[in-house]
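In UniProt numbering, the protein residues as written are 1 to 151.
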């Protein structure tokens, strides 16, 4: 006998069990917030690129921290320790992002290409840093959204 195949709802629930998928969902929405604010500050308000990039990046991290902590990683790490680690990572990522965007802005790819490159780079290293350092402290049975157990 073959086992029944999970329906659409079961497959979606299965995907949400994976912290990597939840991380990417939060990151994707944060990228849109970040890019939108960068375009607003740079193209509409006329701010210098490095200031617009930095402010947009920092503002999007408020959203990202909260959503990654609760939704993606279901962390029970002490808030103070996680915030200190997160702040250190934000400082590093801010410098890296502003540098990458400004450097690539001098090429044919422009600031949007730079923003994409910076986002890909930070996305890769942040997943591992969040999972194994910033949000590493977990409850005995880590859960994700709607009580889904971590893979």
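In this text, a Cβ means the ideal position worked out from N, Cα and C, and glycines have one as well. If you're wondering where the values come from, they're calculated on a predicted model, not measured in any experiment.
Check, Outcome
"Where residue 75 sits in the DSSP three-state scheme", "strand"
"Where the alpha helix (DSSP H) containing residue 111 begins and where it ends", "110-129"
"Within 9 Å, strictly: CB atoms of residue 71 and residue 90", "no"
"Assumed close pair residue 63, residue 101 - CB separation to whole angstroms, cut-off 8 Å", "Actually they do not touch by this definition, with Cβ atoms about 19 Å apart."
"8 Å Cβ shell around residue 132 - same chain, five flanking residues per side excluded", "none"
"Inter-stretch contact at 8 Å, needing at least 3 Cβ pairs: the segment 70-84 / the segment 20-29", "yes"
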